[in-house]
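The listed protein sequences correspond, in order, to chains A and B. All residue numbers for the first sequence refer to my numbering, where the first residue is 1 and numbers rise by one. All residue numbers for the second sequence refer to my numbering, where the first residue is 275 and numbers rise by one. Working notes, structure below.
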Amino acid sequence: MAAEALVELENVHFSRGPHPVLAGVDMRIPHGAIVSLMGASGGGKTTMLNLMAGTLAPQSGRIRVAGQDLHALDFEDLYRLRRRMGMLFQHSALFTDFSAFENVAFPLRRHFRLNESILRKLVLMKLEAVGLRGAAGLMPAELSGGMARRVALARAVVMDPMLIFYDEPFTGLDPISVGIIATLIRRLNDALGATSILVSHDVQETFSIADYGYILAGGKIIAEGSPEALRASDSELARQFLSGQPDGPVPFHYPARDNYVTALTGSAAAGEVI
Amino acid sequence: MAFLDFVPNLGRQVLLTIPNLGAAARFLLRSLVAVINRHFSIQQLLKQVYGFGVRSLLLMIVAAFFTGMVLGFQGYYALVRFGATSALGTLVALSLLRELGPVLTALLFAGRAGSALTAEISSMKATEQLNAMEMMAVNPFAWVVAPRLWAGIIVVPILCAIFDLVGIFGGYLISVPVLGVDGGTFWAQMQSNVTFSGDILTGLFKALCFGLVVTWIAAWQGYAAQPTAEGVGNATTRSVVTASLAVLGLDFILTAFLFT
């Protein structure tokens, strides 16, 4: 982690209404690395991606991307910075009224006045990189989940971004597609000289491509390090998460007001809110 | 106890509504201003004008035709008792131009295009398409909302004009060939009693206001919807109900100001 940081988070706090989501998060994402951010569902991982992309603002703390304080930027500067970022969304987020080709071409058409033949070459190059040049004319409804994710990946990298966010890229995919996406993430990151932040709870696939990882729980970073270091972590919480134990510091049972026997013999239904 | 609960509940509801109204007003302003944003596209605007306008045309024509015919019947049976059937053309035209044309066009538009608009924007939100645009540094207000809002403002007055014409024709078909009112009198009375600025233009101005309000409500309900399947359904229902009531309420206010 000696390389210069592209993204830095300092003591970031964020809450939704009265519920704290992040309670003082510090992170450092070095140039050129693939950094994974893992944690339980609903633990604030996607919120962190949105904070780093500037679509949400923290209540306190500072986020710097490429040396710029993200939340001190005005609208135009933030959009200028976002042109150098790409994001692969959990559900692909392809535009349903555009073909695969037009989805990938969309950012180029909106930001540049390119000659149609150049635009076509750029889009086909990206589709070729994800193995879907042959599917350029298909509509999103005609693509399988894995193919849609790959088209979305081509769209995320079509502007050759310096920073790529991946939000749960493996969720809902078959093992072949998971392997393809994981390989593409590594290959594209290295080919583009980009930096990638990968939010996932798929431990095996994530560790197979990540250079460094953070584990988020209870709104804080509870462990960080290389995949090997994380596996050897002292943190019980980290160990429970990485080995997939159903019970541990994160309890199996949702807290109930009465104990089990009382609930069975009592008149109120279990879990009933009175 | 129930009454004691009523007061704080009402207060809470008001306090929840006021920020929502503020957010909706800011949404309208951002959408209207987005027309000067570089991501605003005339092509998108034309596509929406086609979607809202051409695809609503058949519905409008059928509804207008029947409305005009019913007006002809009802007007005839009301006027014939006083021997005043010569005023039937004026009655049909003024009813349509001043009230029924703009109001029915707006209500049908809210049901036909407004509901589809809410469902489209809320689905785009639920499937993260709006977020994806933000991430690609493309302003969703300029690319998605503004073309739809401006299309509504452009299309509703045009649909209203078509509604008025077809309605008057429907009224004529019942009054003259079927009920035997004199054709010359029908048109002559209409011509002398209907004014261009006082009746036709004010009716179209009403339609323009309704177009803005219906499209604003539909777009806002879509944009503010919960990003779930249930949220999309609720937003669509709320959009049609709110827009319809807003049209009727606004019609009263506009009529009070424009025709007194």
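Every residue, glycine too, gets a C-beta built ideally from N, C-alpha and C.
Where does the unbroken beta strand (DSSP E) through residue i begin, and where does it stop?
| i | result |
| --- | --- |
| I310/B | Taken as a continuous stretch (DSSP letters only), I310/B belongs to no beta strand (DSSP E), as it is neither H nor E. |
| H13/A | A5 to R16 |
| V25/A | H19 to P30 |
| I63/A | S60 to V65 |
| M85/A | M85 to L88 |
| R196/A | Note that residue 196/A is Ser in the sequence shown here, rather than Arg. Here the beta strand (DSSP E) through S196/A covers T195 to V199. |
If you compare alpha carbons, which of the options is closest to residue i?
| i | options | result |
| --- | --- | --- |
| M197/A | L22/A, T47/A, P18/A and G42/A | Checking the sequence, you will find Ile at residue 197/A rather than Met. Of the listed residues, the one whose Cα sits closest to I197/A is T47/A. |
| I181/A | S208/A, M159/A, M162/A and A194/A | S208/A |
| I63/A | S15/A, H19/A and V7/A | V7/A |
| W424/B | W490/B, G441/B, T291/B and F340/B | W490/B |
| E402/B | P161/A, N50/A, Q245/A and F112/A | N50/A |
| V21/A | H13/A, M27/A and L264/A | H13/A |
| A400/B | D525/B, L303/B, I527/B and G496/B | G496/B |
| F443/B | A337/B, A299/B, Q318/B and M398/B | A337/B |
| A229/A | D211/A, P169/A and D77/A | D211/A |
| L387/B | L331/B, P282/B, Q317/B and F415/B | It is worth fixing the name first, because residue 387/B is Ala in this sequence and not Leu. Of L331/B, P282/B, Q317/B and F415/B, the residue nearest in Cα terms is L331/B. |
| S466/B | F280/B, S315/B and L362/B | L362/B |
| L391/B | R422/B, G327/B and I432/B | R422/B |
| L433/B | Q318/B, D279/B, M334/B and L278/B | M334/B |
First and last residue of the alpha helix (DSSP H) that includes residue i?
| i | result |
| --- | --- |
| G485/B | T476 to Y497 |
| Y351/B | L331 to L353 |
| Y260/A | Y260 to T265 |
| P376/B | G375 to F383 |
| G523/B | A503 to L532 |
| I395/B | S389 to A400 |
| L132/A | L132/A -> no alpha helix (DSSP H), and no H or E assigned at all. |
| G43/A | Here G43/A belongs to no alpha helix (DSSP H), and DSSP marks it neither H nor E. |
| A462/B | G457 to N467 |
| R155/A | G145 to V157 |
| S243/A | E236 to S243 |
| V366/B | L362 to L368 |
| E142/A | That residue, E142/A, is in no alpha helix (DSSP H); it is neither H nor E in DSSP. |
| H111/A | A100 to H111 |
| R257/A | Counting along the chain, R257/A falls outside any alpha helix (DSSP H), and DSSP gives it neither H nor E. |
Assign residue i to buried or exposed, taking buried as 16 or more other Cβ atoms, counted over all protein chains shown, within 10 Å of its Cβ.
| i | result |
| --- | --- |
| I274/A | Bear in mind that a pLDDT of 46 at I274/A, under 50, signals an unreliable position, so the number given afterwards is only what the model happens to contain. I274/A comes out exposed. |
| Q287/B | exposed |
| Y260/A | exposed |
| E236/A | exposed |
| A194/A | buried |
| T134/A | The amino acid occupying residue 134/A in the given sequence is Gly; Thr does not appear at that position. G134/A should be labelled exposed. |
| K126/A | buried |
| R149/A | buried |
| Y351/B | exposed |
| S471/B | exposed |
| S200/A | buried |
| N405/B | buried |
| H19/A | exposed |
| Y446/B | buried |
| F112/A | exposed |
| R266/B | For residue 266/B there is no data in the structure shown, the boundaries of chain B being 275 and 534. |
| L290/B | exposed |
| L78/A | buried |
| L284/B | exposed |
| T510/B | buried |
| G327/B | buried |
| K45/A | buried |
What does DSSP give as the partner residues of residue i in its beta bridges?
| i | result |
| --- | --- |
| K220/A | A217/A |
| G225/A | G213/A |
| D438/B | D438/B is not bridged to any residue. |
| M38/A | I215/A |
| D174/A | Partner(s): none; D174/A has no beta bridge. |
| Y166/A | L88/A and L198/A |
| Q68/A | V65/A |
- Message: Is it the case that the region 120-131 of chain A contacts the region 70-79 of chain A, given that we only count it when at least three CB pairs across the two stretches are under 8 Å?
- Response: no
- Cβ pair count under 8 Å reaching 3, the region 211-225 of chain A against the region 31-47 of chain A: yes
- Say whether the region 503-516 of chain B touches the region 312-323 of chain B, bearing in mind that this needs 3 or more beta-carbon pairs closer than 8 Å, one atom from each stretch. no
- Specify whether the region 364-372 of chain B and the region 309-317 of chain B touch according to this definition: at least 3 beta carbon pairs, one from each stretch, less than 8 Å apart. no
- Message: Any contact between the region 383-391 of chain B and the region 481-501 of chain B? By contact I mean 3 or more CB pairs, one from each, below 8 Å.
- Response: yes
- Query: Does the pairing of the region 476-486 of chain B with the region 432-450 of chain B give three or more beta-carbon distances under 8 Å?
  - Reply: yes
- Message: Below 8 Å, how does it come out for the region 174-192 of chain A and the region 94-101 of chain A: are there three or more Cβ pairs, yes or no?
- Response: no
- Task: Would you be able to state if there are at least three C-beta pairs under 8 Å between the region 80-90 of chain A and the region 410-420 of chain B?
- Result: yes
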